[in-house]
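1 is the number of the first residue of the sequence shown in UniProt numbering; add one for each residue after it.
Note that the Cβ used here is the ideal one computed from N, Cα and C, for glycine as well.
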Amino acid sequence: MIDEDGYRPNVASVIINKDNKILWAKRVDEDNWQFPQGGIQKGETPEQAMYREVYEEVGLKKNSFEILGRSADWLKYDVPERFVKTYWQGRYKGQKQIWFLLKFIGSDDLINLNLHDAPEFDDWKWENFWHPLQDVVDFKKEVYSAALNELWQFVETEN
1 MIDEDGYRPN
11 VASVIINKDN
21 KILWAKRVDE
31 DNWQFPQGGI
41 QKGETPEQAM
51 YREVYEEVGL
61 KKNSFEILGR
71 SADWLKYDVP
81 ERFVKTYWQG
91 RYKGQKQIWF
101 LLKFIGSDDL
111 INLNLHDAPE
121 FDDWKWENFW
131 HPLQDVVDFK
141 KEVYSAALNE
151 LWQFVETEN
């Protein structure tokens with residue numbers, strides 16, 4: 001499902017622990033790291049999609065995190081043509097995402113990347129909140145910067 005502008009509705013989740021470190025996950029068989037994210041299915045709200053995607057990709061159930069905040073609007077990125085498949089009769093441009101900031105309230109052993117036959121990630125780690133801006137694939141840097149800057153207002157910091 002894509003919108004009239006060629007963007008696929010999607011959700012992305014920044015999961016932070018008690019130390020305000022983010023869960024950073026490595027895509028299977030690649031050296032690319034990212035946040036859990038995925039498409040919004042027909043009839044799903046962004047929040048419902050977030051819960052489903054977080055469970056499918058990193059194994060966390062609703063009771064293992066709290067929603068601290070979300071982006072006020074869609075944040076978009078274009079996918080380079082070399083990565084675009086022939087979906088949607090060539091109308092696909094990229095993703096438009098609602099971003100969520102989630103506070104992890106469980107123990108690390110709840111994180112499970114192998115719930116499905118074809119997992120999306122094969123490794124994960126806790127990183128500094130701003131680390132993704134130097135590590136994410138180039139075409140996502142701008143949207144990651146916008147999302148992290150917007151979500152930072154919801155992070156509890158000790159002053």
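Residue i to residue j span [Cα, whole Å]
| i | j | result |
| --- | --- | --- |
| residue 165 | GLU4 | The structure shown does not extend to residue 165, since the chain spans only 1 to 159, so no value can be given for it. |
| GLN153 | LEU101 | 10 Å |
| GLU120 | PRO36 | 9 Å |
| ALA72 | ILE98 | 8 Å |
| LYS61 | SER13 | 13 Å |
| ASP29 | TRP124 | 13 Å |
| SER145 | LYS18 | 22 Å |
| residue 189 | MET50 | Coverage of the chain is limited to positions 1 through 159, which leaves residue 189 absent and any answer about it impossible. |
| ARG8 | GLU47 | 16 Å |
| ASP138 | GLU81 | 14 Å |
| ASN114 | SER64 | 17 Å |
| GLY43 | ASN128 | 35 Å |
| ARG91 | GLY106 | 41 Å |
| LEU148 | GLY6 | 24 Å |
| ILE67 | ASP122 | 25 Å |
Cβ separation of residue i and residue j, assumed to be a contact under 8 Å, to the nearest whole Å
| i | j | result |
| --- | --- | --- |
| LYS93 | VAL143 | That pair is no contact at about 13 Å. |
| LEU23 | TRP126 | 7 Å |
| ASN112 | GLY59 | 3 Å |
| VAL79 | ILE40 | About 17 Å separates the two Cβ atoms, so there is no contact after all. |
| GLN34 | VAL155 | In fact, because the Cβ distance is near 19 Å, the residues do not count as touching under 8 Å. |
| GLY69 | LEU151 | 6 Å |
For residue i, the nearest candidate out of the options (CA to CA)
| i | options | result |
| --- | --- | --- |
| ASP108 | VAL11, ILE15, ASP138, ILE40 | ILE15 |
| LEU110 | THR45, GLN41, TYR55, GLY6 | TYR55 |
| THR157 | LYS21, HIS116, GLU57, LYS141 | LYS21 |
| ILE2 | ASN32, GLN95, LYS140 | GLN95 |
| GLU53 | ALA147, HIS116, LYS141 | HIS116 |
| ASN32 | ALA147, GLU66, LYS140 | LYS140 |
| GLU57 | ALA118, GLU66, ALA147 | ALA118 |
Legend entry - Those runs of the alpha helix (DSSP H) which lie wholly inside the UniProt domain "Nudix hydrolase" (6-149) and span at least 4 residues: If we require 4 residues or more, the alpha helix (DSSP H) runs fully inside the UniProt domain "Nudix hydrolase" (6-149) come out as 46-58, 132-135.
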